[in-house]
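Numbering (full-length UniProt numbering), first residue to last: 1 to 180. Backbone N, C-alpha and C fix where the C-beta goes; we use that ideal spot for every residue, glycine too. All values derive from a computational prediction rather than experimental measurement.
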């Protein structure tokens, strides 16, 4: 038995599908599709695990503290994200609009709201801005590319990405406040 989605998602799906379809159709260009797939895979976990693990090297005076802070924030974010995602049950665009929006990368599950990739990208960018702003010229373009990849690969609606960004921003600010 499939969980019932919220009516607001049904309305959003109808409002967003054409824009998502147009954006996903750009992925038919092979170099762009390859770039989006790479960004999506990097946003799965490698970039963030590397950023967390590198904290003691990047900031010798407080790196171990930041390593613990980043790891704890990331774990709490994952738990809350999974809770939200499994309760709200918004189908991915390529599932809802089969044969209209193509899936450019295998999905881990059925549901799209919110975008966990975008949540983590924004969360770690904001935290890094507070501790090592010199890394932002590298992290901001990566975070933007990760967010774009989620829509471009047909895995998320734009509102999923916006919600993931807002949640990530909230987690980062909360973490910085609690650790500060």
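Return yes when the Cβ of residue j is within less than 8 Å of the Cβ of residue i, no when it is not.
i	j	result
residue 115	residue 152	no
residue 159	residue 12	yes
residue 84	residue 154	no
residue 110	residue 82	no
residue 52	residue 67	yes
residue 136	residue 129	yes
residue 43	residue 55	no
residue 9	residue 108	no
residue 179	residue 69	yes
residue 122	residue 169	yes
Relative to the C-alpha of residue i, which residue among the options is closest?
i	options	result
residue 124	111, 146, 108, 112	146
residue 174	126, 157, 137	126
residue 104	10, 30, 9	30
residue 120	88, 167, 176	167
residue 150	178, 161, 70	161
residue 211	74, 113, 57, 106	Nothing about residue 211 can be read from this structure; the chain reaches only from 1 to 180.
residue 7	50, 88, 57, 23	88
residue 75	61, 48, 20	48
Check whether chain C comes within 8 Å of residue i, counting only Cβ atoms and requiring the distance to be less than that.
i	result
residue 92	Given the protein chain composition of this structure (a single chain), no chain C is represented.
Within a Cβ cutoff of 7 Å, which residues of the same chain sit near residue i, ignoring the five residues on either side of it in sequence?
i	result
residue 16	157, 158, 159
residue 95	110
residue 140	125
residue 18	none
Would you mind giving the Cβ-Cβ distance between residue i and residue j, rounded to the nearest angstrom? I have them listed as a contact below 8 Å.
i	j	result
residue 59	residue 132	6 Å
For residue i, I'd like the list of residues in its chain whose CB is within less than 8 Å of its CB, leaving aside the five on either flank, ordered along the chain.
i	result
residue 32	26, 152
residue 40	105, 117, 146, 149, 150, 153, 155
residue 78	116
- Query: Taking only runs of the beta strand (DSSP E) that begin and end inside the segment 49-113, which ones reach a length of at least 3 residues, in chain order?
  - Reply: none
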